Amino acid sequence: DDGRVVQVDRGREREFDADGVLERLGVPPEAVVDHLALVGDSADGIPGVPGIGTKTSSVLLVRYGSIAAIPADPTAW
Numbered sequence: 231d232d233g234r235v236v237q238v239d240r241g242r243e244r245e246f247d248a249d250g251v252l253e254r255l256g257v258p259p260e261a262v263v264d265h266l267a268l269v270g271d272s273a274d275g276i277p278g279v280p281g282i283g284t285k286t287s288s289v290l291l292v293r294y295g296s297i298a299a300i301p302a303d304p305t306a307w
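When you line the sequence shown up against this note's numbering, it's residues 231 to 307, in that order.
Have a look at this one:
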């Protein structure tokens with residue numbers, strides 16, 4: 231962690247470093263884009279994947295590393 235990457239929560243006027251992002255979202259900073267693609271982001275018009283919430287997204291991304299590596303068949307998870 232070189233301290234150069236932060237996530238800003240403007241509504242709460244807070245900044246999150248890499249550890250804070252991991253604690254808040256359950257995924258490291260490099261997985262935030264994949265996380266938002268899975269869970270959706272209404273502010274940016276991203277619908278997400280039905281049935282995938284924060285917990286499932288976190289488990290999948292920690293286990294597989296990226297969306298591209300997650301098996302398409304949920305029974306393989």
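Every residue gets a Cβ at the ideal spot worked out from N, C-alpha and C, and that includes glycine.
All figures in this text were calculated on a predicted structure; none of them were measured in a lab.
Hey, would you say residue i sits closer than 8 Å to residue j, going by beta carbons?
i      : j      : result
SER296 : ASP264 : yes
GLY270 : GLY281 : no
Per the DSSP calculation, residue i is bridged to which residue(s)?
i      : result
ASP271 : ILE276
Where does residue i sit, in a helix, a strand or coil, going by DSSP?
i      : result
PRO304 : helix
PRO258 : coil
SER287 : helix
GLY250 : helix
ILE297 : helix
Please determine, among the options, the residue with the shortest C-alpha to C-alpha distance to residue i.
i      : options                : result
ALA267 : ASP247, ASP249, SER288 : SER288
ASP249 : ALA261, GLY241, TRP307 : ALA261
Give the C-beta separation of residue i and residue j to the nearest angstrom, bearing in mind that I take them to be a contact with Cβ-Cβ under 8 Å.
i      : j      : result
LEU291 : VAL257 : 5 Å
LEU255 : THR284 : 7 Å
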